[in-house]
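Enquirer: The sequence shown runs -1 to 189 under the numbering used here.
Ideal Cβ placement from N, Cα and C applies to all residues, glycine included.
A quick note: this is a predicted structure, and the numbers were derived from the prediction, not measured.
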Amino acid sequence: MIEIMIVMVILVAVLAIGAPMMFTTSSAMRGAIREMAVRTREIRNVGRLYGSTMRLVINMNDDKGHSYWVESAPGSITLLSDEQRKEMEKLTTAQREDEAPKKEFEVDSRVMKNPQKLPRGMFFESVEYSNRESIESGPAFIHFFPQGLSEASAIHLTDRKNLNWTITTNPLTGRADVFERKISLKELEEK
-1 MIEIMIVMVI LVAVLAIGAP MMFTTSSAMR GAIREMAVRT REIRNVGRLY
49 GSTMRLVINM NDDKGHSYWV ESAPGSITLL SDEQRKEMEK LTTAQREDEA
99 PKKEFEVDSR VMKNPQKLPR GMFFESVEYS NRESIESGPA FIHFFPQGLS
149 EASAIHLTDR KNLNWTITTN PLTGRADVFE RKISLKELEE K
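1. Taking its Cβ as the centre, do 16 or more other Cβ atoms sit within 10 Å of Ala11, making it buried, or is it exposed?
2. Within 10 angstroms of the Cβ of Ala71, are there 16 or more other Cβ atoms? Answer buried if so, exposed if not.
3. Under the assumption that Leu186 contacts Pro169 (Cβ atoms under 8 Å), give the Cβ distance between them as a whole number of angstroms.
4. Rounded to the nearest angstrom, what separates Phe177 and Thr76 at their Cα positions?
5. Please state if the CB of Arg46 and the CB of His141 are separated by a distance shorter than 8 Å.
6. On a Cα-Cα basis, can you pick out the residue from Asn59, Gly119, Arg39 that is closest to Pro137?
7. Cβ of Ala174 within 8 Å of Cβ of Thr164?
8. How far does the alpha helix (DSSP H) with Leu183 in it extend, from its first residue to its last?
9. Between the beta-carbon of Phe121 and the beta-carbon of Thr171, is there less than 8 Å?
10. Report the residue from Phe139, Glu123, Tyr66 whose alpha carbon sits nearest the alpha carbon of Lys111.
11. Can you grab the Cα-Cα spacing for the pair Thr22 / Glu81, in whole Å?
12. Residues in the same chain with beta-carbon distance under 6 Å from Ala150, minus the five sequence neighbours each way, listed in chain order, please.
13. Buried or exposed, going by whether 16 or more other CB atoms sit within 10 Å of the CB of Glu126?
See the structure below:
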C-alpha cells in the first residue's frame, strides 16, 4: 500500500510540474498568432497614413529561428508577377536598371521596434499568395499599399507535430483572419 501511495505522489508531482509547461507553450503560441494578426492591421493603417508601401517580412530560417519584421518604402511600388519577373531577367542590365523600381525597402520601426521571433516550437511552414508561387523557406513578403490594399496571402504556421494555424490577409480591407487549421486560399475562395 505504501508503494502505491509513493507511485501516486510521484505521478502527481510530475503532472503538477509538466502540465503547466504544456499549457504555457500553447498559450504562448496562441498569443503570438493573435499578435501577428493584429500587426497586419497596424501595418495597413501606417501605410495608408504615411502614404508608404509596407511589407511584412517573414523569415523562415531554421538555423537562426523563424521571425518577422516590418519594412517600408515611400510612395506606391508596383509588384511584378512571376511572369513579369521572368521577362525582366531576359532584359540586358541597362534595360533592367531602367525598369527596376527605384525605391528601396528599409526596416520600419513605426509598427515594430525589433524583429519578433516566434515562440520556441513554433514555425512558419509557408506563405501562400493568390498571384504567385508559395514560399516555403527563406524570406517571404506580404505587401500593403498606400491605397489601403494588400496582397491576398495565407501564412501557415505549425508546431511540426499536430498543431496548425493559418493567418489570411484580405486584399481589400487588410483584415487578418485566423484559422486553427491549415487552409489554402483556394479553399477560402470556394466558400
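Expert: For this structure:
1. exposed
2. buried
3. No, Leu186 and Pro169 are not in contact; Cβ-Cβ is about 12 Å, not under 8 Å.
4. 30 Å
5. no
6. Asn59
7. no
8. 183 to 188
9. no
10. Tyr66
11. Because the pLDDT at Thr22 is just 48, under 50, the model does not fix this residue reliably, and the point stays unresolved.
12. Ser128, Pro169
13. buried
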